[in-house]
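Counted the way UniProt numbering counts, the sequence shown spans residues 1 to 131.
We put the beta carbon where it would ideally sit given N, CA and C, even for glycine.
All values derive from a computational prediction rather than experimental measurement.
Have a look at the structure below, then the notes.
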Amino acid sequence: MMNIDEMLASARATLKRAEPADAWRLQAEGALIVDIRPIGYREAEGEIPGAVPVERIHLEWRLDPASDHRLPGVRADRPVVVVCNEGYASSLAAADLRRLGLSLATDLVGGFRAWRAAGLPVQPGGTPAVP
1 MMNIDEMLAS ARATLKRAEP ADAWRLQAEG ALIVDIRPIG YREAEGEIPG AVPVERIHLE
61 WRLDPASDHR LPGVRADRPV VVVCNEGYAS SLAAADLRRL GLSLATDLVG GFRAWRAAGL
121 PVQPGGTPAV P
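Here is the structure:
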């Protein structure tokens, strides 16, 4: 049995995590940015322009390349960067996506707060999550 620190380390061992500037570049090159933060956080702190908000409980169904419920444009060969608030839950989520066949899935080091601190674009939040 693992504790959460071991689970996090195990998840991160499978990822090539993206620093904020790298995530911005990946997005410009066609990567999908997926924001798993709760709507209250997105409303209070803002959102990354172009990011798709997906509640964590729906993530695997919306991003499984083989799912009938996947988001348009989700393919096994498309990079996906998962964003949470500070870069912890996103590591676990990105590792789950890799197990579903998204070999280019990763997460944002430091989460949304690191993106904002890096001076990268932020827009007002509150976009409803993909149902």
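Nearest residue (CA-CA) to residue i, options the options
| i | options | result |
| --- | --- | --- |
| Leu26 | Gly126, Asp107, Gly119 | Asp107 |
| Leu102 | Leu15, Ile36, Met7, Ser10 | Leu15 |
| Phe112 | Arg62, Asp64, Ile48 | Ile48 |
| Glu6 | Pro128, Pro121, Tyr88 | Tyr88 |
Under 8 angstroms between C-beta atoms of residue i and residue j
| i | j | result |
| --- | --- | --- |
| Val80 | Leu97 | yes |
| Ser91 | Arg42 | no |
| Glu118 | Ala18 | Checking the sequence, you will find Ala at residue 118 rather than Glu. Contact: no. |
| Asn85 | Arg37 | yes |
| Val74 | Asp35 | no |
| Gly125 | Glu55 | no |
| Asp77 | Leu59 | no |
| Ile39 | Val52 | no |
| Val71 | Val130 | Checking the sequence, you will find Leu at residue 71 rather than Val. Yes. |
Residues bridged to residue i [DSSP beta-bridge criterion]
| i | result |
| --- | --- |
| Leu32 | Val80 |
| Val52 | Val34 |
| Gln123 | Glu47 |
Residue range of the beta strand (DSSP E) that includes residue i
| i | result |
| --- | --- |
| Asp107 | 105-107 |
Alpha helix (DSSP H) segment containing residue i, residue limits
| i | result |
| --- | --- |
| Ala9 | 4-12 |
| residue 165 | As shown, the chain starts at 1 and ends at 131. That puts residue 165 outside it, with no answer to give. |
| Arg75 | First-last for Arg75: undefined, no H or E at that position. |
| residue 185 | What the structure shows of the chain is the stretch from 1 to 131, and residue 185 is not part of that stretch, so it cannot be assessed. |
| Leu59 | 59-63 |
Three-way DSSP call (helix, strand, coil) for residue i in this model
| i | result |
| --- | --- |
| Glu43 | helix |
| Ala18 | strand |
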